[in-house]
Amino acid sequence: MGPNEMWNVVTCLIIIGSKYVSCDNPLPDLETLSQLSSNLEKNLMASLSHILKTSTAVEAYSSARNMDLVSVNGTKVIDEVISKANEFLGKKEQALQRLYDAAKDAEESYEEDLTLTLRRVQFFNVKGTEAEEDGALIYAPTFGQNVSLNSSGVHIPLEIFEGYPEILNGLRWSAALDRVFTKNFEEDPTLRWQYFGSARGFMRIYPALRWPENLNPPDLYDVRRRPWYIHSISSPKDIIILIDKSGSVHGQTIDIMKIAVKALIKTLSEDDYVNVAWFNNEVNWVVPCLDSLVPATSQNKRVLLDAVDRLHESNLTSYETALEFAYDAFQRFSESREPWEGANCHKAIMFFSDGGTEWPHELSAHLCNESTEDCVRVFTFGCGPHPIPTVILKSMACKTRGYFSSITALGAIQNRIQDYVRVLGRPLVLSDEGTKDLFHWHNVYIDKGGLGPVVTVTLPVGSTSYDVRDPLLLGVVGTDIPTSDLEDLYPKNLLGAFGYPYAINNNGFIVFHPQLHHHMSYLQGEDPPNIDLTEAEGSDWVILEAMREAMVRGHSGHATHEKAIIPVGQGRAVLVSMNHFYGALKTSNFRMGLALPLGHATINVQNVPLKVDHLAGLRNLPGSLLAPWKFCSEIENSLDSQELIEVLLMSLTEKQHKCNVGMLRHLLMDMDKTRALISEWEKTSPEVQNIRSRFFSTEGGLTVVHPVSRLADYEGNRNPHKNHQYLRALARDHCVFTPSQRDGEDNTQINLLSIACPVQFQKGNSVIKVGVAGVELDQSMAQTEFNRILQFYCADNETLHCYMLDDNGFIVSSNLPRIQAGDFIGQVDPQLAGSLIDGGFYRHQERFNLQAWCLRGASEPTQSASRLTTPFLFLIKNIWSALSSFHVIIHSIISWTRPAPVESFYGWELIRRNYSCITKASWLVMSNSLSRPMDHHFRCGDCSRIIYANPMNLLSAVLVVSEPPCDCAEPAFPISFFPQEDAGPDYCSRQKVVRERKHRCYSYTKNENGTTCYPGDFPKDGVSAPRISWVLLWTMICFLKAFS
């Protein structure tokens, strides 16, 4: 035995801390591990104290006599917010009422002139460029772009010729709304876009703007197809869609039918209930496990759309069997549903077929007749280029107060699907009721005009001079409210770092919430996101269900969520116990909520004079950044830090009454107290300790960075309440690690480590947290100390695996060469991660994002693309259908002349770079107040793996020493913090949740009995036949010129 071998034997018998270490098991015992952990923690904390100089900041703040903590009464805050919101939103309804009255008066007093020409009607075309060139548009901060506050603008859909007399007459009489638009804005400057969406297709919008350019031309916007328009002109509905898939339905016919059904499903809102069934000589649901009507949420609609795509034709057909199935389904649903389930208003069967000769007369009469108010309407759609006899389909519709539509080509789908919306809106148009119950509040979506996430309130306008055979809907008036305006009603200075406002609607879906940003990409689509409160807050909270139900039912109250897991970034989360306060609004279907930490108190600064020259010191404070908060009400959030300082000084000079005095006093105090810390940092040479930068962020919204040359690195994190390092340090009351990598100058990766520590002090019985100080340095600082302390046990990385993990399970240091700082333990070693979860060191939460937006390869087509790969042949094949729907020619020309990818819409699904999907992500959060080490034995098969772990609470870290992973037959499934596409939760077992109906039902009126049930016996809105030929020619010339 040589000297080296002899030394190894001797070292195996060394007593460390008076405890024996066996040569057979090189693991340290738990007491030794605790001692090693304590030494590592103590050394790192000593280095941090020397680097950050936090004692200087504590001394400066603790000497302040004008600062104390004030408890926040959540119930009082939410009551005040609700009062403000009722007044704020009430003004929006009053503005719409004035527009409603003006529209009815203007149309009633107007005499239609069929000889009108374009030259005789003046209007501002929002898609033109003349106004910008003439300087008619000027920048308005309220709208964030150039607008004209002197007039409204007009948007006309692509397929409508602006010279039609119907359009010109509508433009002329609706011009009278400009006076009301202007007056509304003068009386309520918080109003944003006001508009009138005409049933003819044009939209008048105030103020006038330059219409946003479409990244994928052409502009396919049509106000009549917007969700807020469709859902405001008819009451909620229970719908069963029947799809004929008999043998005669094949080729282009079944393609048309599928796309038409999908188009119809997309018109449904969260207030509707729906299901889809196929039939031939049999009948069944397209999704067998969904055996009843389900809410038409985005998730359920996606499931149904996918199922429709999978249908194939076969066998003979039986209309009576299909109708009996639907009628029985309505009966079963009515008998078994919960009181809050169903639309409890319209009932309709959407019947898609290529035609037939079977006449289910008795069943049709049973479904609906002129003597019954509670009837099931049947809307029939004859689909295909050559539908066989459709007399039966027409009769079925006419006998049940429905409507028959013929869809002979893809290009006809959009207009024909809209027929049912117009018919279901007849009872509302024919009613003599006032407007009180007609205001419709629509959930959040992204505004086309650039306001970001908005909610919309609308009011349908009917004509006073309608023809009973075709009740005339003039259109819909509406206005948008940015959700940020609703959030601004909450007192930001009282919420602190973890408090947040939120709101839901009567169905429990989020209107605004800090977690909604995970879903923002989906908001670019047509549908509102339909994200339930339980999905935003996390589904592991039992009390959440009860609170959600209380909110939905319109109750007021509060609830406590112990140790809530709050995501603060990708893979980053904190544990905070939260109190929730909530109440309902009177002026809308929204319910307002407020979440505050348990026992929440805020810093109150008094007796600090607000002087402009004092605040101007921010200009000279080295390395300073201001949080993008509304210190004054008229400050824009988009300003950079220096711009914000200048605007703030101007506001304090000219409009001090619109500034938050408490926030400004806090900011001034922070500015004074941070100077001492900056002076201490300037005494230390960063290069000596491999320090890249240091920062101090305060609860008042000030961040200072040293050296100033690193200021740009922190510009994106100048809002401390959205900085996960800041939030994690405050939540844990201790320092936190953030390992990362950055590209070096020679294309090599540099391992970096950020460490952030809370700056706090005791005052009486309270702990005042004034901010967080942090440093970014080379990861080698922690790695060197880790190697030195653990060298006896962890030098041999084949025998033991050693890690230092941060509070979210990311690796700070390791003895394994293949491991990078910043790797996630859930992916590197799932066995170890699972053991730490089982041992209580970490809490694990998975969340599904049911509204994710995934990337599809640019060359990957959708299911319909293969049928549209020959644009010219497609043009020839569909040109014959122009007389029934001339805009198919437009679409054909577009696909012919511009084969580049375009956004999918109803019947046009060429290529989509992004698509709706479901993703799943995980969070690990270190448990609070860990005091004991963990001794865990992981077993699989014949393998037993020993894992020891010890908490390092002052650093919010865990020291782990374990044997190598077991080679299991069924390996542990990795935990991913990065969102991964997933099949999602089982929609067949998805639990029902309480909803609250919000609308009065307009499903029937006796005046409706004489209305028409199919086209052909009178002129329709839009294009009349004599004009089609020259319009087609004009359209083709314009498009060929545009794309040449």
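Each step along the sequence shown adds one to the number in this note's numbering, with nothing skipped, and position 323 is 323.
Backbone N, C-alpha and C fix where the C-beta goes; we use that ideal spot for every residue, glycine too.
Bear in mind the structure is a predicted one, so any value in this text is a computation, not a measurement.
Distance CB(residue i)-CB(residue j) smaller than 8 Å
i: residue 271; j: residue 346; result: no
i: residue 283; j: residue 241; result: no
i: residue 279; j: residue 317; result: yes
i: residue 60; j: residue 676; result: yes
i: residue 401; j: residue 970; result: no
i: residue 532; j: residue 509; result: yes
i: residue 33; j: residue 648; result: no
i: residue 197; j: residue 425; result: no
i: residue 431; j: residue 419; result: no
i: residue 428; j: residue 230; result: no
i: residue 926; j: residue 807; result: yes
i: residue 605; j: residue 73; result: no
i: residue 258; j: residue 308; result: yes
i: residue 488; j: residue 630; result: yes
For residue j and residue i, the rounded distance between their alpha carbons
i: residue 728; j: residue 528; result: 32 Å
i: residue 950; j: residue 961; result: 9 Å
i: residue 27; j: residue 793; result: 7 Å
i: residue 669; j: residue 104; result: 57 Å
i: residue 108; j: residue 462; result: 11 Å
i: residue 651; j: residue 492; result: 18 Å
i: residue 530; j: residue 410; result: 29 Å
i: residue 480; j: residue 236; result: 22 Å
i: residue 616; j: residue 607; result: 18 Å
i: residue 665; j: residue 557; result: 33 Å
i: residue 390; j: residue 436; result: 41 Å
i: residue 152; j: residue 380; result: 39 Å
i: residue 847; j: residue 544; result: 15 Å
i: residue 897; j: residue 84; result: Note on residue 897: pLDDT 33, under 50, position unreliable in the model; the coordinate value appears next. Each residue's Cα considered, the two are about 53 Å apart.
Environment of residue i [buried if 16+ CB atoms lie within 10 Å]
i: residue 301; result: buried
i: residue 753; result: buried
i: residue 22; result: The predicted model places residue 22 with a pLDDT of 40, which falls under 50 and marks its position as unreliable; any figure quoted below should be read in that light. When all chains shown are included, residue 22 counts as exposed.
i: residue 589; result: buried
i: residue 633; result: exposed
i: residue 124; result: buried
i: residue 326; result: buried
i: residue 54; result: buried
i: residue 732; result: buried
i: residue 818; result: exposed
Coarse secondary structure for residue i, derived from DSSP in three states
i: residue 1026; result: With a pLDDT of only 35 at residue 1026, under the threshold of 50, the placement of this residue in the model should not be trusted, and no figure is reported.
i: residue 681; result: helix
i: residue 199; result: coil
i: residue 173; result: helix
i: residue 965; result: coil
i: residue 136; result: coil
i: residue 1059; result: The question about residue 1059 has no answer, for the chain in this structure spans 1 to 1044.
i: residue 47; result: helix
i: residue 991; result: coil
i: residue 331; result: helix
i: residue 765; result: coil
i: residue 912; result: Since pLDDT at residue 912 reaches only 44, below the 50 mark, its modelled position is unreliable, and the value read off the structure follows with that caveat. Residue state, collapsed to three classes: coil.
i: residue 719; result: coil
i: residue 740; result: strand
Closer than 7 Å: residue i CB and nearest the ligand MN heavy atom
i: residue 642; result: Absence of the ligand MN is noted for the structure shown, with no ligands found whatsoever.
When the options are compared against residue i, the one with the closest alpha-carbon
i: residue 708; options: 746, 975, 621 and 274; result: 621
i: residue 298; options: 250, 357, 245 and 227; result: 227
i: residue 502; options: 493, 516, 311 and 496; result: 516
i: residue 482; options: 842, 473, 500 and 441; result: 441
i: residue 42; options: 955, 976 and 1012; result: 955
i: residue 161; options: 201, 192 and 122; result: 201
i: residue 942; options: 852, 965, 93 and 853; result: 965
i: residue 168; options: 221, 114, 252 and 504; result: 114
i: residue 71; options: 598, 747, 287 and 592; result: 598
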